[in-house]
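Residue numbers (my numbering), protein chains in the order written: chain A, -7 to 113; chain B, -7 to 113; chain C, 29 to 172; chain D, 29 to 172.
In what follows, a structure is listed as structure tokens, so that the remarks can point back to it.
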Ligand SMILES: Nc1ncnc2c1ncn2[C@@H]1O[C@H](COP(=O)(O)OP(=O)(O)O)[C@@H](O)[C@H]1O
Ligand SMILES: Nc1ncnc2c1ncn2[C@@H]1O[C@H](COP(=O)(O)OP(=O)(O)O)[C@@H](O)[C@H]1O
């Protein structure tokens, strides 16, 4: 599992690569939370494009970030949900809570301008 | 494992792809022996370029074809030994018995014109 | 081709073994020539059961997880067994969104995912003795 | 990272399991971050031992093969055990080119390959009871 951080405007983009299971979820959580604290920002885009696997531990870790960001007054969205991950996000009903976008540009536009999300389902 | 047969002049080229272990060695042996019988020819080039794995069962299967071809008055050479397979062919000393060539063209030239092999070791 | 075969794998309840268990399950079922989606479903379900044994059954200690799998015709069956704390209220445990560990970012979706990704799921558990999760899935034959 | 861990795999003596056993061994050792060559060496050695159990130990019947592996620091150790016919003359069996089944296109190179591809090889056997092949290899730490 690899995590890449990119700061775009005052929004943290988190690009995940590899397999997001319980083993990696804890490390992802710590890395993201400490990066948010370091930059003193509170809005997040998760780019899931590089994930080849995710189970319910990944769902839990994403929901955990979502709750934390909302509690701090920020917003969080997802983008680039790849085929191996789309089935579990659908069954978990993740899109009912967290907006999904095609790519980082659309996600960024939504967070900066409040454009409406292009839901996948 | 995949086996491809190509007839070039009166020589049978056998291209092997995948993992040549005991499980596949028996099927390879049967396929090659029946193709030789069907075409009524007795000289062989094994192109190992597509192999990702070979163990001593593969060595045994190649030596078995070599003995059979020689007994029938034909000749047999190998070409395109790929990196995952070169260590085991060296330890088994296969090149002391069966000539190795860079590619099918060089192997064919040797069998047709009697050119000398470009040994790898 | 033989129409029935089995394997049994014992691993420790370490989180590195979640990926290992997935690879083993996928490699074992591969001889039925499953689709990418079927492999992904099986990997996910096995990952859920093994993760539960690591987090819930053994909590802070290292115990043994036994993964047994069978192929019978086109049916893949896998059993994930632990000798951990067990489950007191099985019905509640299997409810979507129920988790006993919300503080760990658990989603409570594990059993729901296993049910959705496999054809059948049964759970047997005895408090203090352990839990056995059995799942099976039909691999559809390919038309070639 | 924990410095020691183990796994145990039971499979049937079917030739489809040769590839399966290789994949499992490679996946298990992968957490030590081995090179492609180290993985290939381990796959080859495991393939030799498992193939021998299938061909020689159980001959025409299906028996159980138990593959146990450990990681201790940078050392990978694997044991391949069968309950087959056993080996009467171990010294002769380990000689290069010796095979009891030349009619099957065996090369008699199995033990030689195991010795060359691993750091250590020990073989214990009792006629009528079975054979245990133990091999180990140091995975050199990567400088990154
Ligand atoms: N192997 C197990 N041993 C003990 N308890 C378990 C086991 N598997 C599941 N449970 C219990 O069932 C609950 C629901 O499991 P699950 O649906 O996978 O959600 P989660 O793992 O996110 O909590 C867990 O919170 C736990 O209390
Ligand atoms: N697990 C085993 N059970 C019984 N006999 C064995 C076993 N492994 C090896 N042998 C004996 O040792 C001999 C040499 O083995 P090996 O060097 O692997 O060559 P090969 O498998 O090509 O015969 C075999 O021919 C067989 O007689």
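Idealized CB from N, CA, C, for every residue including glycine.
Given the structure is predicted, the values throughout are model-derived calculations rather than measurements.
On the premise that residue 140 (chain D) lies in contact with residue 83 (chain B), defined as a C-beta separation below 8 Å, what is that separation, rounded to the nearest angstrom? 7 Å
Beta carbon of residue 113 (chain D): closer than 7 Å to some heavy atom of ligand 2? yes
Looking only at its chain, what residues have a beta carbon closer than 6 Å to the beta carbon of residue 77 (chain D), apart from the 5 residues adjacent to it on each side? 108, 161
C-alpha distance - residue 167 (chain C) paired with residue 43 (chain D), whole-angstrom precision: 22 Å
Is it the case that the CB of residue 134 (chain C) approaches a heavy atom of ligand 1 more closely than 7 Å? yes
Buried or exposed for residue 89 (chain B), going by 16 or more other Cβ atoms inside 10 Å? exposed
Alpha carbon to alpha carbon, how far is residue 152 (chain D) from residue 111 (chain D)? Give it in angstroms, no decimals. 12 Å
What ranges does the alpha helix (DSSP H) occupy inside the region 40 to 106 of chain B, keeping only unbroken runs of at least 4 residues that lie completely in it? 48 to 63, 75 to 83, 96 to 105
Would you say residue 120 (chain D) lies against chain B (beta-carbon separation less than 8 Å)? no
Against residue 76 (chain C), what residues of chain A qualify as contacts under a CB-to-CB distance less than 8 Å, listed in chain order? 47, 48
On the DSSP letters alone, give me the boundaries of the alpha helix (DSSP H) that residue 146 (chain D) sits inside. Here residue 146 (chain D) belongs to no alpha helix (DSSP H), and DSSP marks it neither H nor E.
Which runs of the alpha helix (DSSP H) at least 4 residues long sit entirely within the region 53 to 102 of chain C? Give them in chain order. 64 to 80
At a CB-CB cut-off below 7 Å, which residues of chain B make contact with residue 43 (chain D)? 14, 15
Per-residue DSSP class, three states only, for residue 26 (chain A): helix
Within the present structure, is the beta-carbon of residue 150 (chain D) separated from the nearest heavy atom of ligand 2 by less than 7 Å? no
Compare the C-alpha of residue 133 (chain C) against each of A:66, A:50, A:44 and name the closest. A:50
Could you name the residues of chain C that residue 140 (chain D) contacts, counting a contact when the two beta carbons are closer than 7 Å? Ordered by position in chain C, no residue passes the 7 Å Cβ test against residue 140 (chain D), which lies about 28 Å from the chain.
Length of the line joining the Cα atoms of residue 52 (chain D) and residue 53 (chain C): 10 Å
Cβ-heavy atom distance between residue 139 (chain C) and ligand 3 below 7 Å? Looking for ligand 3 in the displayed structure turns up nothing; the ligands present are ligand 1 and ligand 2.
If you measure between the beta carbons of residue 36 (chain D) and residue 128 (chain D), is that distance less than 8 Å? no
Run through chain B and tell me which residues come within less than 8 Å of residue 83 (chain D), C-beta to C-beta. 14
Only counting the same chain, and skipping five residues up and downstream in sequence, which positions put a Cβ closer than 8 Å to that of residue 11 (chain A)? -7, 43, 44, 45, 46
Using a Cβ cut-off of 8 Å (strictly closer), state whether residue 72 (chain D) contacts chain B. yes
Going by DSSP in three states, residue 140 (chain C) sits in which element: helix, strand or coil? helix
Under the three-state DSSP convention, the category residue 8 (chain B) falls into: strand
Mind pulling the chain B residues with CB within less than 7 Å of residue 47 (chain D)? 11, 13, 15
Classification of residue -2 (chain B) by the beta-carbon crowding that lies within 10 angstroms, buried from 16 upward: exposed
Using the beta-carbon of each residue, which ones in chain C are nearer than 7 Å to residue 38 (chain D)? 35, 36
Just to confirm, are residue 40 (chain C) and residue 90 (chain C) a CB contact at a threshold of 8 Å? yes
Beta-carbon gap between residue 68 (chain C) and residue 74 (chain A) smaller than 8 Å: no
When DSSP builds the beta bridges, which residues end up paired with residue 158 (chain D)? D:154
Give me, in chain order, the residues of the same chain whose beta-carbon lies closer than 8 Å to that of residue 3 (chain A); leave out the 5 immediate sequence neighbours on both sides. 33, 35, 36, 37, 100, 103, 104
Euclidean distance between Cα positions of residue 125 (chain C) and residue 16 (chain B): 48 Å
Since residue 104 (chain C) and residue 170 (chain C) are thought to touch, with beta carbons under 8 Å apart, how far apart are those beta carbons, to the nearest angstrom? 15 Å between Cβ atoms; not a contact.
Kindly say whether residue 134 (chain D), judged by its beta-carbon, lies nearer than 8 Å to any beta-carbon of chain B. yes
In whole angstroms, what is the alpha-carbon distance linking residue 68 (chain B) and residue 121 (chain D)? 29 Å
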